[in-house]
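Numbered according to mature numbering (1 follows the signal peptide of the UniProt record, and there is no 0), the sequence shown spans residues -28 to -1, 1 to 644.
For glycine and all other residues, C-beta sits at the position ideal for the given N, C-alpha and C.
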Amino acid sequence: MDPQTLMLLSAVLFVISIVGAYFSRTKASPTPAVAASGLKRKEDTPAGAAASKAPKTESEFSKSIRIFYGTQTGTAEIFAKELGDLLKKTFEAKITITDFEDVELDSAQDDLQTPDASLVLCSTYGDGEPPDTCLPFFEWLQKKTEEEEEGLSEMKFGVFALGNTQYEHFNNSGKNLDKFFAKLGAERIIDLGLGDDNEDIEEDFNKWKATVIPALASSGIVKLPGVGVDEASAPDTVVKAYVVETLEGAQGIAFPEVNVSKTKGYDAHNPFKATLSARRELHTSMSERSCLHVEVDLDGSQLSYETGDHLGIFPENDADLVKKMAARLEVDGEMMISVHDPAKSSKGGALKAVGEPNPLGHVGPLSVATALARYCDLLTPLRKPALTALAAFTSDAAQKEELERMAGPDGKTAYADWMMKPYRSVLEVLEAFPTCKPPLGAFFCSVVPRLQVRYYSISSSPRVAPSSPHCTVAVVAGATGTGRMHRGVASTWLGGLEVGKNLQVPAFVRKSSFRLPVDPTVPIVMVGPGTGLAPFRGFIQERMALKAEGAELGPALLFFGCRSKTVDFIYERELHEAEAAGVMRLDVAFSREGGAKVYVQHRIAQRGEEVYKLLKTSSGHFYICGDAKNMAKDVHKALLDLLSAEGGLSGVDAEKYVQEMTASGRYSRDVW
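Following this line, the structure appears as structure tokens:
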């Protein structure tokens, strides 16, 4: 063994011995005694209170029910676990909960059909798309529907879809799953449930969940035991909690973190620790808002990207907010802890995000402040089950009753008015209920949501910046209904990072289908107001590079929108230079320059004949990037209108033509 290797091995063994020494001195924080109804913990139950006949273990059950979930923000996973708990209380059956990401495609057909019933919960993300973790399964299932007619004839299923009516393709993923299963011959035993996060998705889920037990029983899959449906559906009295161990004297110790093998690659579960290499403000000093141009150095990661891809970034909460949160929880932010999921103790379970343990690759202990900063969503309003959990740790009877009321079936209006509309944070909730004292284990597990990855459309071309993708970031800031100044987690964090400091931005590349035509002579129409310009800046850079190489370019038309030329016309110089070079033609809609407000859809309508010729006569491609709730809908309508006005198509035929464009890859949307 060479001396350098020997020194490295010795250093590693030394660090391991330190970690082991501190673990040997740990003390477990008390498991929460927890019950909204005052039930005792299991270990406190008198021996004589046990039933005379031991209950069956899951291995002895003859029936099995499998719950599959696909989630982008974690809600579907939470609902899946709630449903699993309900079924375990109700039936003598083996209940299994599976993330679609963990389904092996080679065995997927058996996985869906082997259980006596398969229940599916799936969210819709972006432009009617399934969650990232579900994409391989969706592609497999869709291909299956094209190849077989009865491929799932032995499957009995029910689907609950999670979505938001603010978006055009409401619950598209769940609806497609329900349709695909039925098309493959599966038997639908529970009607499709549609959850609307724009209203009260918990209530939607509870209504659907109430149909599950009778449906399973009436289908003969399982028999109802003595417990009634109402009793089984009652909320759990015991709050689930992670086990939190504190390490005495460990403050200030720097623990190592995992270096992911380059052979495995970097992704959402193993992000590369990149460097913020550049940042500049894109708005002028006249703007009351902020938009940042940032560049992230991926050198050494072996990560590559293509024009139109997304950069995923794991942000951190504001340091001052983290300090306030730790103080309210009455814990020292510098205290070193180890967090474990008792249900996964054999796997070294730990605080996690969207089902994956330690998304930043943290080994062993971490400080309370790190846990709060990296893994806890401290700003998103709490869901009703979180209020139920908080009620269990509230000593004042009136405060406890109020939390339970808002979380209950009769608290829909109160919950919406007090929690959702003013966008109240978890810290504000705890400040409003001062006798609520949740321990860390329950807070991490049952109260605070996981902090999610943020995705940004890459605003550069690898021909220009091969290892340093650019992003265009709108800084989120505004007063909430409570008067709190809400600042977006990721945009605020990126705006405050030290430029050039190494290894501070956990990042990875997410592939996209938002691509330029393979043939650069094919005409393109791009629509991207505000930060929706991001991928088109990459497109323009790509076309500039192709032109420099001597390639022939087809016509390109960019519709950009902003408030004013003197305030928020981002990348103005670059766009004018590209137009002067003949790479594209630019049309800008200014909405705040006096007179009637002008938006991109208005400019499209004014140039309807030109757009029609590019699309219909020359088989061009049409792209939209930006807001899905309003802008994308308005632009879609403008496209249909010009097809009717210029091509004489009926409304039905215009929609059909756009669907054909979508199917052939000529109509693409990157919306959020």
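>> For Val194, tell me which candidate among Asp239, Phe33, Trp644 and Ala379 has the shortest Cα-Cα distance.
In response: Phe33
> Taking one C-beta from the region 380 to 388 and one from the region 411 to 421 each time, how about it: are there three or more such pairs within less than 8 Å?
Replying inline: no
> Count the other CB atoms within 10 Å of the CB of Ser636; is the residue buried (16 or more) or exposed (fewer)?
Replying inline: exposed
> Since Val436 contacts Ala517 with CB under 8 Å, what's their CB separation in whole angstroms?
Replying inline: 7 Å
> Considering only the beta carbon of each residue, do Gly533 and Ile430 sit closer than 7 Å?
Replying inline: no
> Roughly how many whole angstroms lie between the Cα atoms of Ser9 and Ala364?
Replying inline: At Ser9, the pLDDT of 30 sits below 50, so the modelled position is not reliable; the number obtained from the coordinates is stated separately. Straight-line Cα distance between these residues: approximately 8 Å.
> Cβ atoms of Leu525 and Pro489: under 7 Å apart, would you say?
Replying inline: no
>> Between the alpha carbons of Glu470 and Ala189, how many angstroms are there, rounded?
In response: 59 Å
>> Quick check on DSSP: helix, strand or coil for Tyr139?
In response: coil
> Can you pull the DSSP bridge partners for Gly130?
Replying inline: Leu91 and Ile162
>> Looking only at its chain, what residues have a beta carbon closer than 7 Å to the beta carbon of Arg564, apart from the 5 residues adjacent to it on each side?
In response: Arg535 and Ser536
> Just the Cα atoms here: how many angstroms apart are Arg(-4) and Leu412?
Replying inline: Here the model assigns Arg(-4) a pLDDT of 39, short of 50, so the residue's position is not dependable, and the following value carries that caveat. One C-alpha to the other measures close to 20 Å.
> Which class does Val201 belong to by DSSP, given the choice of helix, strand or coil?
Replying inline: No answer about Val201 holds up, because its pLDDT of 46 lies below 50 and its placement is not dependable.
>> Once DSSP output is grouped into helix, strand and coil, what is the label at Phe486?
In response: coil
>> Assuming the contact rule is C-beta atoms closer than 8 Å, Thr454 and Arg396 should be a hit. Round their C-beta distance to whole Å, please.
In response: 6 Å
> Is Arg535 helix, strand or coil by DSSP?
Replying inline: coil
> Going by the beta-carbon positions, is the gap between Val425 and Val311 smaller than 7 Å?
Replying inline: no
> Do three or more CB pairs link the region 156 to 175 to the region 128 to 138 at distances below 8 Å?
Replying inline: yes
>> Quick check: the Cα distance between His282 and Asp368, rounded to an integer number of angstroms?
In response: 48 Å
> Is the shortest distance between the beta-carbon of Asp74 and the beta-carbons of chain B less than 7 Å?
Replying inline: Absent from the structure is chain B; it holds one protein chain and no more.
> Would Pro507 pass as a contact of Pro527 if the rule is Cβ separation under 7 Å?
Replying inline: no
>> So for Asp368, helix, strand or coil by DSSP?
In response: coil
> Does DSSP put Lys393 in a helix, in a strand, or in coil?
Replying inline: coil
> Ordered along the chain, which non-local residues of its own chain (more than five positions away) have a Cβ less than 7 Å from that of Asn170?
Replying inline: Asn136, Thr137 and Gln138
> Taking only runs of the beta strand (DSSP E) that begin and end inside the region 403 to 446, which ones reach a length of at least 3 residues, in chain order?
Replying inline: 426 to 429 and 442 to 446
>> Can you list, in chain order, the residues of its chain with a C-beta nearer than 6 Å to that of Arg638? Leave out the 5 residues immediately preceding and following it.
In response: His593
> To the nearest angstrom, how far is it from the Cα of Gly502 to the Cα of Asn144?
Replying inline: 27 Å
>> Using the three-state DSSP reduction, which class does Ala65 fall into: helix, strand or coil?
In response: coil
> By how many angstroms is the C-alpha of Phe562 removed from the C-alpha of Val448?
Replying inline: 21 Å
> To the nearest angstrom, how far is it from the Cα of residue 646 to the Cα of Val398?
Replying inline: In this structure the chain extends from -28 to 644, so residue 646 is not present and cannot be described.
> Taking DSSP as the reference, what is the three-state secondary structure of Asp290?
Replying inline: coil
>> Can you give me the C-alpha to C-alpha distance between Ala479 and Asp88, rounded to a whole angstrom?
In response: 41 Å
> By Cβ distance, which residues of its chain are closer than 6 Å to Ser273, with the 5 residues on each side in sequence left out?
Replying inline: Tyr238 and Phe244
> Where does Gly56 fall in DSSP's three states?
Replying inline: helix
> Cβ of Ala52 within 7 Å of Cβ of Ile39?
Replying inline: yes
>> Could you check whether Met297 and Val340 sit closer than 7 Å to each other, using their CB atoms as the reference points?
In response: no
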